[in-house]
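S.K.: In the numbering used here, the protein residues as written are 43 to 253. Mind having a look at this structure? Questions to follow.
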């Protein structure tokens, strides 16, 4: 086993947070394996055919960056999600998304992501802004049961990702890998990585991209 670099991303391009900038990061790290927050169906055989035959890039930022990396490099692509986000999560987003104060925080997040790119997405500032958004969402909802359900659903969404990464690592050898996941999960994933360091994981090590 080798080293995995954890990189926070967003799923759609905005300003400096784009596929080319992410490709440059990936290319510099030169991973043998790429773990991605995605289900297997996210990058279908047909979409791969469109890219390999006609050069049509995927609409998801991370996959588009991976496709650019694939021009010159061979690697193993591993989607690590088992399911999409829950109905309760989408219900929550629908309920809170029209709030003016939350919109201001979202607009600020998008402004910083566009202006500072992956430097911002992989920063403590990003984590803190995401935390501010989560706190405000809970206040807007004023619905303890829905909030608890969504928190449990997110945990159930993240845990299989980590499990699938470790399962792959146990059964396969590699030198360098990356794990790309949405910035909203950054704090929680880092906490899970830190907890895993207390367990025996062979020769596997982690690097947190950014600060």
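No residue lacks a Cβ here, since even glycine has one placed at the ideal position from N, Cα and C.
Can you check DSSP and say which residues form a bridge with residue 219?
M.R.: Paired residue(s): 46, 75.
S.K.: Looking at residue 222 and residue 103, is the spacing between their C-beta atoms short of 7 Å?
M.R.: Taking 7 Å as the Cβ cut-off, residue 103 and residue 222 do not qualify as a contacting pair.
S.K.: Do residue 267 and residue 211 have their C-beta atoms closer together than 7 Å?
M.R.: Only positions 43 to 253 of the chain appear in the structure, and residue 267 is not among them; the question remains open.
S.K.: Roughly how many whole angstroms lie between the Cα atoms of residue 193 and residue 178?
M.R.: C-alpha separation (whole angstroms): 14 Å.
S.K.: Given this structure, state the Cα-to-Cα distance separating residue 121 from residue 144, to the nearest angstrom.
M.R.: Going from the Cα of residue 121 to the Cα of residue 144 covers about 31 Å.
S.K.: With a threshold of 6 Å on Cβ separation, who are the neighbours of residue 258 within its own chain once the five nearest residues in sequence on each side are excluded?
M.R.: Nothing about residue 258 can be reported from this structure: the residues present for the chain run from 43 to 253 only.
S.K.: Does the distance from the C-beta atom of residue 238 to that of residue 200 stay below 7 Å?
M.R.: No, Cβ-Cβ distance for residue 238 and residue 200 is not below 7 Å.
S.K.: Within this structure, are the beta carbons of residue 107 and residue 46 separated by less than 7 Å?
M.R.: The answer is no: Cβ separation not under 7 Å.
S.K.: What is the C-beta distance between residue 51 and residue 163, in whole angstroms, given that I count them as a contact (C-beta under 8 Å)?
M.R.: Their Cβ separation, rounded to whole angstroms, is 6 Å, which keeps residue 51 and residue 163 in contact under 8 Å.
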